[in-house]
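So in the UniProt record's numbering, the last spot in the sequence shown is 882, and the numbers never skip.
By construction, the Cβ of each residue, glycine as well, lies at the ideal position given by its N, Cα and C atoms.
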Amino acid sequence: AVDRSPEIQEARLKLPILAEEQVIMEAINENPIVIICGETGSGKTTQVPQFLYEAGYASSGGAIGITEPRRVAAVSMSQRVAKEMNLSHRVVSYQIRYEGNVTDETRIKFMTDGVLLKEIQKDFLLSKYKVIIIDEAHERSMYTDILIGLLSRIVPLRQKKGLPLKLIIMSATLRVEDFTDNTRLFSVKPPVIQVDARQFPVTVHFNKKTPLDDYSGECFRKVCKIHRMLPAGGILVFLTGQAEVHSLCRRLRKAFPYQKNNTAGGEGDKEDSVEEIRKFKKSRKRRKVLALPKIDLNNYSVVPVDEGDEDRDIDSDDDAAGSDLDLDLGDGDSEEDEKSDSSLPLYVLPLYSLLAPEKQEKVFRAPPPGTRLCVVATNVAETSLTIPGIKYVVDCGKVKQRFYDRITGVSSFRVTWISQASANQRAGRAGRTEPGHCYRLYSSAVFMDFEKFSAPEITKRPVEDLILQMKALNIEKVINFPFPTPPPTEALAAAEELLIALGALKEPPVTGRLKQQLAAKLSCPISALGRVMATFPVAPRYAKMLALSRQHNCLPYSITIVSAMTVRELFEELDRPAVSEEEAAQLKGKRARFLQMQKVWAGQGPMQKLGDLMVMLGAVGACEYAGCTPRFCQESGLRHKAMLEVRRLRGQLTTAVNSVCTDAGLYVDPKMKPPTEAQVTYLRQIVLAGLGDHVARRVQAEELLDDKWKNAYKTALLEDPVFIHPSSVLFRELPEFVVYQEIVETTKLYMKGVSAVEPE
Ligand code: ADP
Ligand code: MG
123 AVDRSPEIQE
133 ARLKLPILAE
143 EQVIMEAINE
153 NPIVIICGET
163 GSGKTTQVPQ
173 FLYEAGYASS
183 GGAIGITEPR
193 RVAAVSMSQR
203 VAKEMNLSHR
213 VVSYQIRYEG
223 NVTDETRIKF
233 MTDGVLLKEI
243 QKDFLLSKYK
253 VIIIDEAHER
263 SMYTDILIGL
273 LSRIVPLRQK
283 KGLPLKLIIM
293 SATLRVEDFT
303 DNTRLFSVKP
313 PVIQVDARQF
323 PVTVHFNKKT
333 PLDDYSGECF
343 RKVCKIHRML
353 PAGGILVFLT
363 GQAEVHSLCR
373 RLRKAFPYQK
383 NNTAGGEGDK
393 EDSVEEIRKF
403 KKSRKRRKVL
413 ALPKIDLNNY
423 SVVPVDEGDE
433 DRDIDSDDDA
443 AGSDLDLDLG
453 DGDSEEDEKS
463 DSSLPLYVLP
473 LYSLLAPEKQ
483 EKVFRAPPPG
493 TRLCVVATNV
503 AETSLTIPGI
513 KYVVDCGKVK
523 QRFYDRITGV
533 SSFRVTWISQ
543 ASANQRAGRA
553 GRTEPGHCYR
563 LYSSAVFMDF
573 EKFSAPEITK
583 RPVEDLILQM
593 KALNIEKVIN
603 FPFPTPPPTE
613 ALAAAEELLI
623 ALGALKEPPV
633 TGRLKQQLAA
643 KLSCPISALG
653 RVMATFPVAP
663 RYAKMLALSR
673 QHNCLPYSIT
683 IVSAMTVREL
693 FEELDRPAVS
703 EEEAAQLKGK
713 RARFLQMQKV
723 WAGQGPMQKL
733 GDLMVMLGAV
743 GACEYAGCTP
753 RFCQESGLRH
763 KAMLEVRRLR
773 GQLTTAVNSV
783 CTDAGLYVDP
793 KMKPPTEAQV
803 TYLRQIVLAG
813 LGDHVARRVQ
823 AEELLDDKWK
833 NAYKTALLED
843 PVFIHPSSVL
853 FRELPEFVVY
863 QEIVETTKLY
873 MKGVSAVEPE
């Protein structure tokens, strides 16, 4: 039996899913595969594992596994469930790529979907689990889709063995036809249980006009107005990226400072609160608090009925007389908004996936007395995490996504409109605890043009890592795999060709066009090298580099370079716009210092030819030498969190390499010496072997037909000129031949992670 605290018990009873426990458990007992749909916050992630545990699914050595597409959710949910069940982290544990707290006693295991895929490679039948829950299936992350395809085959195999495995797919939306109506996937249609959401009505307000680009400024003005004019209740703002989140947080904190007293204690200390309450009372007198209009409880309309909705916009110029939102919030007077007002403290918290876990946890706690909570978040708050006490949602309507060109692999980050489904999810966040309001910073006409749903990830990105994993599972004919939504055939063919070029798949026994046609049939078996590569938890190109690095004692260096290339954004973004002159000066100083450091890390003589990869190697070396302290990172323009990830990945890759070549005897040396000249030469060959199709040649003077080719490079795949990114240490050098880690499109096509090569 589970021994829960009375407070937890009470909170649980409020969750809609508790009423469905019996229905859910009966369905699971009687069916091998069950789909559960329920609005975000209904209790799926925290409660279903507990139902299963209490029903005995984790007894006699069995375990319950739950996959999450986001690391944040895996960690945070395992902690929450452990707390609710009053069990230790040894029993309710998590495993993400870099870390975990799983033990022999673990009975409930939260993990990222990629982790479970790796486990399937080691044990196809997943024998240690009695139940697998695939959570957040509506997100349609690539690994989630693949897991569902694999599990559709594993479940019947386990049945045959007389060791049944239950599969539960959980989704926040009702759109599950890709799973239910796909007979190649599930020949018997699995039952769908719908958990009725106890959702309070949310009134949606559209902007009359859609801001052209400054949606961040628009968010700021909207939050200011809500905070000044509307009754208590948390505000949740959706923005697109970490930098934006931070900059809005800074602006809001400046506008409505919340001063912690200088006492050493944390927020919400007793000493603070008296003062805070006094301040708050004072502030209440000064501001006009207007009651919100009565809301028609039957009118939870997130789809605009007509343009009239726009009249409810709080930015409306019209005299709102007669409108049922009887607020004269006036028009945005930004000068006034920027003035700092400490009588109205706003407790501003950022939330995004790269944020340190202890900072993420803060959003679940009550804000200090006398303050209003305002969470500025990226997409993570859309469905994975439910923040308590949110009454107002401010939705910029955008999301930042990485786009890939299917043929060339060129990627770009683009901020695009979200789907209608996402917009409605975001609005729903305002109605968890009481009726709420969602302010959309775009017009209803724009909303009507949104896509209905976002496309599954697997249809949008290169799939070579996925295909290598599948081939390692001996799935040779990838095209026959029961994908919930199959990736485009070109993407599959491009992946197969790259893997053949890397030697990970056995080459078809012909050459030329026919070979390409065969590759397009997608049926090449994995090679011995491919099997080795598949054991490394990095992209196939980088896995190839590791597999080649045994000679000349190069492994420690290639492991470090590969780790640094895999963990994105090692370096702090120093070109960001500053919010104040003070910050601008600070950034300028940091940039100057970073340029110096970059020169040092790039080394001397032949080392310099390794270019940005040498800079990464030098930066990691220097950082580890200094003990990887926050201070060193801060002073050197390195992202501390990224450096910690590099450290973990180095450890993990070192273990992986040791288990493949048992005589390597590698360890992670915090005082790694720089590579010798011979090693650098060899490293450059290794890099070329992994990035062989990423070679670019500087355009010669005689080819300069057009000014747009000045300082440009030509690649095999692209018609257009590409350039070395200004942040590269080789930006001024312009070597004749280079290899690049990736091409990113911003104002031009830029190569990042560049080193110089000499072609054979
Ligand atoms: P779902 O998976 O259906 O979206 P969850 O099980 O994640 O729902 O959440 C159920 C409830 O538990 C929510 O009201 C949420 O606020 C609460 N909750 C989740 N994690 C925490 C936490 N770390 N601290 C406090 N409350 C939490
Ligand atoms: Mg959930």
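State buried or exposed for E152, treating a residue as buried only when at least 16 other CB atoms are found within 10 Å of its CB. exposed
Test item: CB-CB of residue 883 and A741 under 8 angstroms: Because the chain in this structure spans residues 123 to 882, residue 883 falls outside the shown range and cannot be described.
With which residues is E190 paired in a DSSP beta bridge? T234
Excluding the five sequence neighbours on either side, which residues of its own chain have a C-beta within less than 7 angstroms of the C-beta of Y789, listed in chain order? T776
First through last residue of the alpha helix (DSSP H) which encompasses F342: Y337 to M351
Residue burial classification, R306 (beta-carbon count within 10 angstroms, cutoff 16): exposed
So, are the CB atoms of V861 and V817 less than 8 angstroms apart? yes
Output the boundary residues of the beta strand (DSSP E) element that contains T538. S533 to W539
Who are the Cβ neighbours of T493 in its own chain at under 6 angstroms, not counting the five residues just before and after it? Y380, P467 and Y469
So M765 and C750 are in contact, right, with Cβ under 8 angstroms, and what is the actual spacing, rounded? 6 angstroms
Would you call the region 184-197 in contact with the region 492-512, where contact means no fewer than 3 C-beta pairs closer than 8 angstroms? yes
Near the ligand MG: D257 beta-carbon under 7 angstroms from a heavy atom: yes
With a cut-off of 8 angstroms, do at least 3 Cβ pairs link the region 537-555 to the region 505-512? yes
Residues near T587 in its chain [Cβ-Cβ closer than 7 angstroms; skip 5 each side]: A small fix is needed here, since residue 587 is Asp in this sequence, not Thr. Once the five neighbours on either side are set aside, the close Cβ partners of D587 are A661 and P662.
Please tell me whether I357 and V600 are closer than 8 angstroms, where the distance is taken between their beta carbons. no
Under three-state DSSP, which class holds I846? strand
Does the Cβ of T189 lie closer than 7 angstroms to at least one heavy atom of the ligand MG? no
May I ask which residues mark the beginning and end of the beta strand (DSSP E) holding Y469? L468 to L473
Beta-carbon proximity of G759 to R820, cut-off 8 angstroms: no
Cα-Cα separation, A617 to A626: 11 angstroms
For K347, count neighbouring Cβ atoms within 10 angstroms of its own Cβ and tell me buried if that reaches 16, exposed if not. buried
Mapping the DSSP letters down to three states, classify A818 as helix, strand or coil. strand
Within 10 angstroms of the Cβ of Q863, are there 16 or more other Cβ atoms? Answer buried if so, exposed if not. buried
Any idea if V424 is buried or exposed, counting beta-carbon neighbours within 10 angstroms, 16 or more meaning buried? For V424, the predicted model reports a pLDDT of 29, less than 50, meaning its position is unreliable and no value from the coordinates is stated.
What residues in its chain sit with their C-beta under 6 angstroms from that of I157, if we drop five residues either side in the sequence? I291, V298, P312 and V314
Sequence ranges, alpha helix (DSSP H) only - wholly within the region 474-557, length at least 4: 479-483, 502-505 and 542-550
Is it right to say C371 is buried, meaning 16 or more other beta carbons lie within 10 angstroms of its own, or is it exposed? buried
What I want to know is whether the C-beta of T225 ends up closer than 7 angstroms to one or more non-hydrogen atoms of the ligand MG. no
Distance cut-off 7 angstroms: T266 Cβ against heavy atoms of the ligand MG: no
Going residue by residue through the region 228-276, where are the continuous beta strand (DSSP E) segments of at least 3 residues, counting only ones entirely within it? 230-234 and 251-256
Pair within 8 angstroms by beta-carbon distance, E579 and S127: no
Just to confirm my understanding: we take E694, look at its own chain, exclude 5 residues before and 5 after, and list those with CB closer than 6 angstroms. What are they? G759 and R761
Have a look at the DSSP bridge pairing and note the partners of P871. Per the sequence shown, the amino acid found at residue 871 is Leu instead of Pro. BP columns for L871 point to V844 and E867.
May I ask which residues mark the beginning and end of the beta strand (DSSP E) holding Y835? Y835 to T837
Alpha-carbon spacing of V367 relative to P191, whole angstroms: 22 angstroms
Three or more C-beta pairs below 8 angstroms linking the region 234-251 and the region 269-280: yes
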